[in-house]
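J.: First the structure, which I've put down as structure tokens, then a few questions once you've had a look.
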Amino acid sequence: MAFDIKMIKGVYSRMIERVDAAKTIVGKPLTLAEKILYNHLWDGTTNKVFVRGKDYVDFAPDRIACQDATAQMALLQFMQAGKNKVAVPTTVHCDHLIQAKIGADADLQNALNTSSEVFNFLASVSNKYGIGFWKPGAGIIHQVVLENYAFPGGMMIGTDSHTVNAGGLGMVAIGVGGADAVDVMAGMAWELKFPKLIGVKLTGKLSGWATPKDVILKVAGILTVKGGTGAIVEYFGEGAKNLSATGKGTICNMGAEIGATTSTFGYDAAMERYLRATDRADVADAANNVVAYLTGDDEAYANPEQYFDQVIEIDLNTLKPHINGPFSPDLASFAGTDLKGKAEANGWPLKVEWGLIGSCTNSSYEDLSRAASVAKQALDKGIEVKSELGINPGSEQVRYTAERDGLLGIFEALGAKIFTNACGPCIGQWARYSDPKNAPKNSIIHSFNRNFAKRADGNPNTHAFVTSPELVAAIAISGRLDFDPTKDTLINKNGEEVLLDEPTGFELPPKGFDVDDPGFVPAMADGSGIEVVVSPDSERLQLLMPFTPIGSEIKEAKLLIKAFGKCTTDHISMAGPWLRFRGHLDNISNNCLIGAVNAFNKRTDAVKNQLTGVYGPVPATARAYKAAGVKSVVVGDHNYGEGSSREHAAMEPRHLGVVAVIVKSFARIHETNLKKQGMLGLTFANENDYDLIQEDDAFNFLDLNEFAPGKQLKLELIHAGGSKDIIMLNHTYNKGQINWYKEGSALNLIKKENAS
Ligand code: F3S
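Residue numbers (our numbering): 79 to 834.
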């Protein structure tokens, strides 16, 4: 599907020289993650040993993948860059906007009816700028990437947190915000803090009911949802070689659930088999020429404590089936009595209403074949299935092959609903209830990655448990959360006690993969004649206008809100129903800062309009200032903008006329996003000055015309009644970033440079 073998060979041919040079500089053997990172330095080579967890480094990723929800704003921004084509191979995948309700065909048609405007926009922008487009129903982004684009030793970024799934084929693949993806599409470097390294040594071999999912569910139990933060998790050891490529993908996928930057595995025979089975023999041949560079050095794996910041060892021989949850993917239990005890103590419903198989985590052919081997026993042994079953195949290639091989027929014979090859229930696109907020307490079990409250069906009372597809099938058959298939029996229709056999399956389809229409639309070689049309009446899409530079005169700016305490990107730009407006900056700006707590009345979305004295919602107040030609300022506490890398959290205040965000400290990605949008992201030189800010304050920047790297800015606060304070502000703008400010945004600068 148009994977770029020339690009891949280029990555491999430079790898030997770059990795050898890095080894000399670092002065010791390297892990795989380090090899990939050093081979993707923006500057090519370095004389510096990067300090893990500290140094910010510019990288040059090989690929970009975007899903339909995040691609909208990313592509709208890219259109501002004045480029004819994306600078690196990029694909767009339509998988998030498809609801699961009736079944694949009807649900897909419904999505086409309701979101065709968005799909058509993404298709035409893709066609125009050389981006590969995967149609609705083609599959889930990460499964499609694994099948078509991932390659050992590569580096990719994607506008989705589970981009990390591609580590299953030995990539360093990282989820980013749209603004980062736009930079790389436009030919700029991508910056990342050089990650720490966690090594997971796998010994032994899985057997019985234990699966790759249990590896990551166990790791999540050890490291918790924050334990991987800022680190790449590298799996190695004999046990790793015993896992299929898609199984490795499952493990890497859920690295996102421990907060890891990404996870990866060294190239091995399982990856080679997968590459060949997915029609990429030339990638396998190329990889075979540089095998030693596509895995960590022997010494690093022999003495991992000396090379990794943290080491975990897992014996696959003794690994037991896990079920994690509810409400958090790191709440690990063993299947059976362990979970039963916890469920009874905590009041988790033991009756299971639904079993769901699929998501980017577990929707490979191997997953479906092993789950089907369990499901088939219900038919063969005459057992009535107690829970409802839903299946989301990962791609059309998997679906077509699984249908051809009779796997889907097994599930259907049990009454399962086969949903579209899309995210569906995994992202809350599951029309399970008409009124989810008031739906009853219940338990479901799924093979997905996330199980936070409301994630699947919008019902805060749904207790969602995460496990392997095999165990989902077994538990759905039994209808009991505490069912232990290794020893619990079931009563069949003849009243006989039966035990389920261990799952069996195929790593790869014995008759090979097959597909009729994979759903891929290649871009035209020359898309310059394509006009991207967005209706001015559209609710969901709006072409962006370049931001006007704020300039060096900021006088009499009004305080919009002084945020109290935690103010994450969710407080600044809420998700939920607002996701619908992700491609429409003006409409989504109506959620701007509505979750932030006003320091003066401790209420959300109630701030004083200094022009009228009336309290009102933050967005309406900002709009009133903007309409009156008055600039506004946001003040915040520590770690302002933590959470996601969502660029909307910077674009919305910019759109509404906010010129500066002044805080005690920033979450770094949000700070960078503010800079990219051409506004001021500043910190109090003396954090106690936060207390000086009063509700009726106006702000005069006294020396913005001298804005320069490393030089503090002077701010005059004019309080009600006329008293004044002068405070100093720090910033981290370098010369290039000051140019972003001067031009109105990073994209304006790119466009200007492009035109000259
Ligand atoms: Fe989709 Fe769920 Fe993965 S939303 S991309 S299937 S995490």
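Every residue gets a Cβ at the ideal spot worked out from N, C-alpha and C, and that includes glycine.
Starting from Ser-194, trace the alpha helix (DSSP H) in both directions and tell me its first and last residue.
T.: Residues 182 to 207.
J.: Should Asp-173 be counted as a contact of ligand 1 given a C-beta to heavy atom distance under 8 Å?
T.: Yes, the beta carbon of Asp-173 sits closer than 8 Å to at least one heavy atom of ligand 1.
J.: Measure the Cβ-Cβ separation of Ser-616 and Glu-195 and say whether it is below 9 Å.
T.: Cβ atoms of Ser-616 and Glu-195: closer than 9 Å.
J.: Tell me, please, which residues DSSP counts as bridged to Ser-651.
T.: Paired residue(s): Cys-670.
J.: For the stretch 184 to 191 and the stretch 428 to 446, state whether three or more C-beta atom pairs, one from each stretch, are separated by less than 8 Å.
T.: Taking 8 Å as the limit for Cβ pairs, the verdict is that the stretch 428 to 446 does not touch the stretch 184 to 191.
J.: In this structure, does DSSP put Glu-574 in helix, strand or coil?
T.: Of the three classes helix, strand and coil, the one that applies to Glu-574 here is coil, per DSSP.
J.: My parser needs the beta strand (DSSP E) runs of 3 or more residues fully inside the stretch 611 to 648; what are they?
T.: You should have 635 to 640.
J.: Could you tell me whether any non-hydrogen atom of ligand 1 is closer than 8 Å to the CB of Gln-145?
T.: Because some heavy atom of ligand 1 lies under 8 Å away, the Cβ of Gln-145 counts as near it: yes.
J.: Runs of 4 residues minimum, wholly inside the stretch 775 to 825: which ones carry the alpha helix (DSSP H) assignment?
T.: The qualifying runs are 813 to 821.
J.: Which runs of the beta strand (DSSP E), 3 residues or longer, sit entirely within the stretch 731 to 783?
T.: Here the runs fully enclosed are 736 to 741, 758 to 762, 776 to 779.
J.: Met-602 bridges to which residues according to DSSP?
T.: None, per the DSSP bridge assignment.
J.: Rounded to a whole number of angstroms, what is the C-alpha to C-alpha distance between Lys-206 and Leu-200?
T.: Looking at the two C-alpha atoms, the distance is approximately 10 Å.
J.: Going by DSSP in three states, Gly-317 sits in which element: helix, strand or coil?
T.: In the structure shown, Gly-317 sits in a helix (DSSP, three-state: H, G or I).
J.: Any chance you could list the beta strand (DSSP E) runs of at least 3 consecutive residues sitting entirely within the stretch 204 to 262, in chain order?
T.: List check, beta strand (DSSP E) in window: 210 to 212, 233 to 236, 250 to 253.
J.: Is Phe-229 near ligand 1, with its Cβ less than 8 Å from a heavy atom?
T.: Outside the cutoff, so no.
J.: Give the DSSP bridge partners of Phe-543, in chain order.
T.: Paired residue(s): Ile-523.
J.: What did DSSP end up calling Asn-395 once you bin it into helix, strand or coil?
T.: It is helical.
J.: Tell whether a beta-carbon distance below 9 Å holds between Leu-154 and Val-170.
T.: Not in contact: Leu-154 and Val-170 (Cβ atoms no closer than 9 Å).
J.: Any idea which residues DSSP pairs Thr-302 with across the strands?
T.: Bridge partners of Thr-302: none, in fact.
J.: So which of Met-233, Asp-363, Pro-600, Asp-648 has the shortest CA-CA distance to Leu-110?
T.: Cα-wise, what sits closest to Leu-110 is Met-233.
J.: Assign Thr-339 to one of two classes, buried (16 or more other C-beta atoms within 10 Å of its C-beta) or exposed (fewer than that).
T.: Buried, because 16 or more other Cβ atoms sit within 10 Å of the Cβ of Thr-339.
J.: Out of Gly-800, Ile-816, Val-262, Glu-574, which one is the CA nearest neighbour of Ala-786?
T.: The candidate whose alpha carbon is nearest that of Ala-786 is Ile-816.
J.: Under 8 Å Cβ to Cβ from Lys-802, same chain only, skipping five residues before and after it: list those, please.
T.: Result list for Lys-802: Glu-794, Leu-795, Ile-796, in chain order.
J.: Is Gly-344 helix, strand or coil by DSSP?
T.: In the structure shown, Gly-344 sits in coil (DSSP, three-state: anything other than H, G, I, E or B).
J.: Taking 8 Å as the cut-off, is the beta-carbon of Phe-858 closer than that to any non-hydrogen atom of ligand 1?
T.: Coverage of the chain is limited to positions 79 through 834, which leaves residue 858 absent and any answer about it impossible.
J.: Quick check: is any heavy atom of ligand 1 less than 8 Å from the C-beta of Cys-330?
T.: Cys-330 Cβ: outside cutoff for every heavy atom of ligand 1.
J.: Which residues share a DSSP beta bridge with Leu-275?
T.: Answer by DSSP bridge pairing, in chain order: Ile-310.
J.: Give the straight-line distance between the Cα atoms of Arg-837 and Val-550, rounded to the nearest whole angstrom.
T.: The question about residue 837 has no answer, for the chain in this structure spans 79 to 834.
J.: First and last residue of the beta strand (DSSP E) that includes Ala-410?
T.: 410 to 412 is the span of the beta strand (DSSP E), which, as asked, contains Ala-410.
J.: Mind checking who Leu-434 pairs with in its DSSP beta bridge?
T.: Looking at the DSSP assignment, Leu-434 forms a beta bridge with Gly-468, His-524.
J.: At a cut-off of 8 Å, would you count Ile-235 as near ligand 1, judging by its Cβ distance to the nearest heavy atom?
T.: The answer is no for Ile-235.
J.: Within its chain, find whatever has a CB closer than 7 Å to the CB of Arg-658; leave out the 5 residues flanking it on each side and keep chain order.
T.: If we look at Arg-658 and ignore the five residues flanking it on each side, its Cβ neighbours are Arg-618.
J.: Note down the Cα distance separating Ala-159 from Trp-120, rounded to an integer number of angstroms.
T.: Rounded to the nearest angstrom, the two C-alpha atoms are 20 Å apart.
J.: Would you grab the beta carbon distance between Glu-474 and Gly-597 for me? Rounded to a whole angstrom, and I think it's under 8 Å.
T.: Contact flag correct, Cβ pair sits at about 5 Å.
J.: Is the Cβ-Cβ distance between Trp-287 and Ser-447 less than 9 Å?
T.: Cβ distance not < 9 Å, so Trp-287 and Ser-447 don't count as in contact.
J.: Comparing alpha-carbon positions, which option in His-716, Glu-725, Gly-719, Val-736 lies nearest Ala-702?
T.: Ala-702 has its Cα closest to that of Val-736, out of His-716, Glu-725, Gly-719, Val-736.
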